[in-house]
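Going left to right, the sequence shown walks through residues 167 to 410 as our numbering numbers them.
Glycine included, every Cβ here is placed at the ideal spot set by N, Cα and C.
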Amino acid sequence: MSANRPVIEIQDLTRVYRMGGSEVHALDGISLRVEPGEFLAVMGPSGSGKSTFMNIVGCLDRPTAGRYILEGTDVSGLDRDERAEIRNDKIGFVFQNFNLLARTSALENVELPLLYSKKSSLTDDEVEKKARHCLDRCGLADRWDHTPAQLSGGQQQRVAIARSLVNDPAILLADEPTGNLDSRTSEEVMAIFQALNEEGKTVVLITHEPDIAQFARRTVMFKDGKIVSDTPVATRRIAERRPS
167 MSANRPVIEI
177 QDLTRVYRMG
187 GSEVHALDGI
197 SLRVEPGEFL
207 AVMGPSGSGK
217 STFMNIVGCL
227 DRPTAGRYIL
237 EGTDVSGLDR
247 DERAEIRNDK
257 IGFVFQNFNL
267 LARTSALENV
277 ELPLLYSKKS
287 SLTDDEVEKK
297 ARHCLDRCGL
307 ADRWDHTPAQ
317 LSGGQQQRVA
327 IARSLVNDPA
337 ILLADEPTGN
347 LDSRTSEEVM
357 AIFQALNEEG
367 KTVVLITHEP
377 DIAQFARRTV
387 MFKDGKIVSD
397 TPVATRRIAE
407 RRPS
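Set out below in structure tokens:
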């Protein structure tokens with residue numbers, strides 16, 4: 167990647183939903199750059215456009231107009247299958263509800279993106295080794311054979327973070343990742359994101375919680391489909407904790 171090329175570049179992006187006879191402008195001509203290694207928090211009230219922004223950045227939806235360039239590739243007009251391939255190869259998702267397969271182990275959950283990647287040429291042993299490394303990075307080396315039901319909420323989210331890392335994506339896209347966690351566990355999870363960011367990983371965090379947004383380095387505020395502020399933040403830092 168060129169040192170001067172952003173990971174994410176959004177130009178005059180618009181997303182219009184048609185509901186009955188009316189139009190809803192969920193995004194109204196926004197422009198934004200996210201450079202390699204940034205930690206961006208996206209905030210805004212309900213209906214502000216932040217969820218639509220997340221869906222487009224995550225290649226779950228495409229814009230009505232404007233451009234979205236991910237690592238130099240214009241993905242704005244890609245069809246569903248092409249977006250799915252981009253998602254699996256370039257975006258690591260972490261969701262509020264963890265989205266783990268209930269009857270499979272932590273290791274198997276982490277391995278899944280590699281198994282679905284068309285570009286992966288790893289052997290079964292190499293897939294397992296890479297998944298174990300990601301679990302270890304998230305403090306779960308001794309929980310690899312546990313199913314989600316055998317893990318706490320914080321541990322499940324750590325599995326989800328490990329899964330998001332396994333394909334070495336261009337960005338980690340975290341949608342309210344602490345929404346189902348208590349305050350202490352939320353700090354533990356955010357410490358992992360900070361550590362990953364300090365290692366060079368680009369992180370985009372969607373949150374409505376100001377305390378969680380303070381773990382990022384930059385905050386973008388949405389309102390009525392527009393970006394109303396884009397500011398660096400006084401980052402809150404804590405030591406990374408291992409799960410109890």
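Which one of the options has the shortest CA to CA distance from residue i?
i: R402; options: I372, I393 and A379; result: A379
i: P279; options: E237, A268 and K296; result: K296
i: T222; options: E201, C300 and I196; result: As written in the sequence, residue 222 is Ile, which differs from the Thr given in the question. The candidate whose alpha carbon is nearest that of I222 is I196.
i: A361; options: R303, Y183 and D227; result: R303
i: D377; options: P343, T368 and I393; result: P343
i: F264; options: R383, I372 and D341; result: D341
Quick check on residue i: does DSSP put it in helix, strand or coil?
i: H299; result: helix
i: F259; result: strand
i: R403; result: coil
i: D311; result: coil
i: Q380; result: coil
i: D291; result: helix
i: P343; result: coil
i: E251; result: helix
i: S197; result: strand
i: S168; result: Low local confidence applies: a pLDDT of 48 at S168 is under 50, so the model's placement there is unreliable, and no value is given.
For residue i, write down the residues that DSSP places opposite it in a beta bridge.
i: T385; result: A207 and T397
i: R184; result: E189
i: E175; result: R199 and I235
Any contact between the region 326 to 346 and the region 260 to 276? By contact I mean 3 or more CB pairs, one from each, below 8 Å.
yes
Check whether the region 268 to 278 touches the region 349 to 365, taking contact to mean three or more Cβ pairs, one atom from each stretch, closer than 8 Å.
no
Examine the Cβ distances between the region 212 to 220 and the region 379 to 398 and report whether three or more of them are shorter than 8 Å.
yes
Touch check for the region 177 to 185 and the region 225 to 238: three-plus C-beta pairs under 8 Å?
yes
So, does the region 244 to 258 touch the region 195 to 210, judging by three or more C-beta pairs under 8 Å?
no
Write down every uninterrupted run of the alpha helix (DSSP H) in the region 314 to 376 whose length is 4 residues or greater and which is fully enclosed by it, in chain order.
319 to 331 and 349 to 364
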